[in-house]
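Student:
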Amino acid sequence: MSEKLAYRPEIDGLRAISVLAVILFHGSAPVFRGGFIGVDVFFVISGFLITSIILSEITNRDFSLKRFYERRARRILPALFLVLLACLPFAWLCMNVFEQSAFFKSMMAVSFFSSNFFFWQESNYFGPDTNLAPLLHTWSLAVEEQYYLFFPLLMIFAWQWGKKKLSLFLVCLSLLSLGLSEWGAYNFPVANFYLLHGRLWEILAGSLISFYLHSDFYKNKAIKNTIHNGLFSFLGLFLILFSIFAFNEYPPFPNLFTLVPVLGAALIILFADSKTLTGRLLSHPICVQLGLISYSAYLWHQPIFAFARISKWVNPSESGKLMGLGICALILGYLSWKYVEQPFRDRQAFSAKFIFKASLIGCFAFCGLSGLTYLYTEHMQAEIKARLKINLGLSACDYDINELPDACKTAEKPDTLIWGDSFAMHLVDGILASNPKAQLIQATKSACGPVLDIAPLSSDRTNRWGEECIRFNQNILKWLKQHPEIRYVVLSSIFQNYFDTKNKILYNQKTTEVSFELVESKLRKTLNQLTEIGVKPILFSPPPKNGENLGSCIARPLYYSHERAEACKIYVADYHAHYRDVIRLLKKLEHDYPVVWLELGLCHAQECTVESKGVYIYRDDKHLSIEGSKYLGQKMNFAKLINESVSKKRP
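Whatever position you read off the sequence shown (first residue = 1), add 201 for my numbering.
1) Could you compute how far the alpha carbon of Ala207 sits from the alpha carbon of Phe506?
2) Among the candidates Asp782, Ser475, Ser247 and His805, whose CA atom is the shortest distance from the CA of Ser495?
3) Check whether the Cβ atoms of Lys586 and Phe299 sit closer than 8 angstroms, and answer yes or no.
4) Should Val720 and Tyr689 be called a contact, given that it needs their Cβ atoms to be closer than 8 angstroms?
5) Using a threshold of 8 angstroms, state whether the C-beta atoms of Ile410 and Phe673 are closer than that.
6) Can you tell me whether Pro462 is helix, strand or coil according to DSSP?
7) Can Arg785 and Tyr387 be called in contact, C-beta distance under 8 angstroms?
8) What number of angstroms, rounded off, separates the C-alpha of Cys163 from the C-alpha of His792?
9) Between the Cα of Ile528 and those of Phe839, Gly667 and Val220, spot the shortest distance and give me the residue it belongs to.
10) Can a CB atom of chain D be found closer than 8 angstroms to the CB of Ser497?
11) Tell me the residue span of the beta strand (DSSP E) that contains Glu714.
12) What is the DSSP secondary structure of Arg662, counted as helix, strand or coil?
13) Count Cβ pairs between the stretch 305-319 and the stretch 329-346 that sit closer than 8 angstroms; are there 3 or more?
14) Return helix, strand or coil for Thr252, following the three-state DSSP convention.
15) What is the residue span of the alpha helix (DSSP H) that Lys306 lies within?
16) Looking only at C-alpha atoms, which of Gln503, Thr810, Lys737 and Asn750 sits nearest to Tyr794?
17) Of the choices Ser813, Gln490, Phe567 and Ile755, whose alpha-carbon is the least far from that of Asp822?
18) Looking at Ile695: is its Cβ nearer than 8 angstroms to the Cβ of Phe741?
19) Considering only DSSP beta bridges, list what Lys705 is partnered with.
20) So, for Lys841: in the same chain, excluding its five sequence neighbours on each side, which residues have a beta-carbon less than 6 angstroms away from its beta-carbon?
21) Around the Cβ of Gln697, are there at least 16 other Cβ atoms within 10 angstroms (buried) or fewer (exposed)?
22) Use the C-beta contact count for Pro651: other C-beta atoms within 10 angstroms, 16 or more gives buried, fewer gives exposed.
23) Within the continuous beta strand (DSSP E) that includes Ala597, where are the two ends?
24) Kindly indicate which residue of Val783, Tyr772 and Ala778 has the alpha-carbon position closest to the one of Cys809.
25) Thinking C-beta only, is Ser382 closer than 8 angstroms to Asn393?
26) Would DSSP call Glu450 helix, strand or coil?
27) Please report the residue range of the alpha helix (DSSP H) in which Gly399 lies.
28) According to DSSP, which residues form a beta bridge with Glu812?
29) Mind checking Ala310: buried by the 16 CB within 10 Å criterion, or exposed?
30) Nearest to Leu468 by CA position, among Val245, Leu728 and Ser826, is which residue?
31) With C-beta atoms as the reference, is Thr459 less than 8 angstroms away from Asp661?
32) So what's Trp384 in DSSP terms, helix, strand or just coil?
33) May I ask you to check if the CB of Tyr499 is nearer than 7 angstroms to at least one heavy atom of the ligand MG?
34) Looking only at its own chain, which residues have a Cβ that is under 6 angstroms from the Cβ of Gln347, when we skip the five neighbours before and after it?
35) Give the C-beta separation of Val489 and Asp213 to the nearest angstrom, bearing in mind that I take them to be a contact with Cβ-Cβ under 8 angstroms.
36) Judging by CA-CA distance, which residue of Glu542, Pro486 and Ala509 is the nearest neighbour of Ala891?
Structure follows, in structure tokens:
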């Protein structure tokens with residue numbers, strides 16, 4: 202039999218830092234903006250530990266695929282099944298059928314470790330709605346399990362090459378993955394975040410550390426200097442803590458910057474021991490215990506946060522409650538570790554045959570249950586799906602303005618251009634509701650505000666996209682100069698993405714920090730140029746928001762409790778806090794250009810309505826629904842407001 206690997210308590214301490222970072226990040230703790238890098242550290246640890254076990258057993262001619270996958274099943278599935286089971290009643294009671302449909306699709310994906318593919322298609326990890334996805338965090342489990350499907354087979358096949366050649370192959374594979382990760386961060390960031398190719402190098406970093414520590418060079422020649430070990434391990438801890446406090450989601454992760462926490466984890470694994478300060482800190486009993494329960498705590502934290510937010514028990518600003526929920530995740534993690542994880546690892550209590558049978562039954566049972574429930578909710582959700590469907594305006598008009606299809610016009614020779622992002626799109630139904638004969642042309646691009654020369658960049662909007670946005674807006678201005686029949690230009694955008702400190706601005710083909718002065722000057726330039734060519738611009742503000750998914754919130758009372766509609770209110774103070782910079786921008790421009798404030802049609806005293814006489818005004822956290830746009834357009838008479846903004850005809 203193989204020699205049992207020596208237990209290293211400092212690695213459990215490293216796990217503790219990782220899980221706390223992730224919990225604090227998902228708990229919206231503002232200081233821990235880079236807490237998501239805890240997952241990257243987990244990948245390094247996992248790669249190191251699993252490879253160490255495989256190397257030890259292969260070296261001793263004792264490796265068994267059956268035993269390997271049995272260990273993975275004992276480690277992963279019992280606690281996972283418990284959490285999935287615990288989610289079911291909350292999904293049935295707290296979610297509307299639209300949310301249930303997404304939840305049960307994700308559960309199907311979790312059942313067979315493919316949730317990273319599901320969330321790749323469904324959501325950006327850093328998007329607002331992901332806070333309401335109870336199983337979002339399982340993407341990382343899927344990545345690990347996909348890795349461990351092929352890695353043991355690779356080890357068996359390539360072992361005949363010898364350790365040096367195999368190590369060299371893994372180095373090349375790791376560098377290839379790192380290169381793909383850096384390229385993917387700026388070309389397909391969402392896929393790069395969720396899929397194995399962008400994460401492979403992080404897990405392989407741990408694997409390569411294991412190869413190094415098992416090498417003859419390390420055993421015979423490596424310098425084992427306590428001072429060096431202390432300095433390098435402390436540097437590793439510093440790099441991880443620096444990443445947690447200094448990083449945010451831009452530039453899109455993973456990328457070359459991800460080397461910082463990965464290197465930090467590697468240095469701790471390589472150099473921390475009982476003789477170093479870092480090793481002693483991480484080996485503190487509290488750190489070790491947190492590390493031991495880290496897997497279960499990780500499983501529990503996201504469902505707890507998500508269902509608390511869905512049920513409106515906690516609001517984004519209630520940091521005390523969120524931290525309390527994080528503590529609940531740790532408590533449940535401890536109970537799961539003690540009464541579920543530990544017992545199922547006991548081979549005397551549960552045989553390998555039982556583990557394999559129970560694993561298959563559990564996976565198929567959850568897949569079947571979630572599949573049936575998904576089909577039921579698909580049947581039931583037709584009404585909500587129709588009411589909350591995406592509001593594109595006339596059509597999907599994300600084209601160059603010179604190539605717009607007829608569907609993006611209401612007349613052969615329109616006199617009004619709708620220009621902006623999705624916040625311009627959602628005005629169109631309101632304009633037509635106030636004047637069905639309005640002669641419109643819609644030139645809109647999602648997330649691309651009507652501002653010349655600059656574009657907002659985020660975790661899923663890359664430099665390439667930014668260049669497309671700038672070109673899109675430049676072409677609109679050129680087109681306007683060639684079409685004197687256009688008299689009115691309606692400009693609208695959320696604008697907030699130009700001010701979010703997590704984002705960047707693309708300007709003069711360079712990435713720069715967000716700047717109020719830059720955005721104001723470029724928007725003012727845009728408005729001035731419109732005026733110079735003879736059109737009258739009119740700005741529409743974004744509608745009030747409070748950070749919640751208002752469409753889903755309003756949809757829940759329809760099925761569960763009308764009292765919840767009260768919980769979906771927007772308070773004017775929250776709205777002003779969310780849009781502080783946007784309101785400041787529009788108020789400064791209002792001295793020279795007309796601005797339509799949508800809050801005037803939605804807010805009274807200290808509150809803003811999200812539903813009126815059965816009309817769902819919002820479709821998500823910030824956009825108007827189709828029926829909401831029509832309601833507001835008629836109430837405020839959008840068409841009249843546009844017409845009254847024009848003092849003279851274009852020459």
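C-beta atoms are modelled at their ideal positions from N, C-alpha and C, and glycine is treated no differently.
Tutor: In this structure, then:
1) Straight-line measurement puts the Cα of Phe506 at about 36 angstroms from the Cα of Ala207.
2) Of all alpha-carbon atoms in Asp782, Ser475, Ser247 and His805, the one lying nearest the alpha-carbon of Ser495 is that of Ser247.
3) In this structure, Lys586 sits near Phe299, with a CB-CB distance shorter than 8 angstroms.
4) With respect to Tyr689, Val720 sits apart: the two C-beta atoms are not nearer than 8 angstroms.
5) No.
6) It is helical.
7) Result no, Cβ atoms of Arg785 and Tyr387 do not sit closer than 8 angstroms.
8) This structure leaves residue 163 out entirely; the chain is present only between 202 and 852.
9) With distances taken between Cα atoms, Ile528 lies closest to Val220.
10) The structure shown has no chain D; it contains just one protein chain.
11) Where Glu714 is concerned, the enclosing beta strand (DSSP E) stretches over Lys711 to Glu714.
12) Arg662 falls in the strand class under three-state DSSP.
13) The answer is yes - the stretch 329-346 touches the stretch 305-319, with three or more Cβ pairs under 8 angstroms.
14) Of the three classes helix, strand and coil, the one that applies to Thr252 here is helix, per DSSP.
15) Per DSSP, Lys306 belongs to the alpha helix (DSSP H) from Val298 to Ser312.
16) Looking only at Gln503, Thr810, Lys737 and Asn750, the smallest Cα-Cα distance to Tyr794 is reached by Lys737.
17) If we check each option's Cα against that of Asp822, Ile755 comes out closest.
18) No, the pair does not count as a contact, with Cβ atoms beyond the cut-off.
19) Under DSSP, Lys705 takes part in a beta bridge, and its partners are Leu658 and Glu714.
20) Taken in chain order, the list of residues that qualify is empty.
21) With 16 or more other Cβ atoms from the protein chains shown falling within 10 Å of its own Cβ, Gln697 counts as buried.
22) By the Cβ neighbour-count rule, Pro651 is buried, with 16 or more other Cβ atoms within 10 Å of its own.
23) Neither: Ala597 is in no beta strand (DSSP E) and is coded neither H nor E.
24) Out of Val783, Tyr772 and Ala778, Tyr772 has the C-alpha closest to the C-alpha of Cys809.
25) Cβ distance < 8 angstroms, so Asn393 and Ser382 count as in contact.
26) Note: Glu450 maps to coil in three-state DSSP.
27) According to the DSSP assignment, Gly399 belongs to the alpha helix (DSSP H) that extends over Leu397 to Leu414.
28) Per DSSP, the beta bridge partners of Glu812 are Tyr817.
29) The residue is buried, with at least 16 neighbouring Cβ atoms inside 10 Å.
30) Among Val245, Leu728 and Ser826, the Cα nearest to that of Leu468 belongs to Val245.
31) Cβ atoms of Thr459 and Asp661: not closer than 8 angstroms.
32) Three-state DSSP puts Trp384 in a helix.
33) The model depicted lacks the ligand MG and carries no ligand whatsoever.
34) Cβ within range, chain order: Leu397.
35) Contact flag correct, Cβ pair sits at about 5 angstroms.
36) Nothing can be reported for residue 891, as the shown portion of the chain is limited to 202 through 852.
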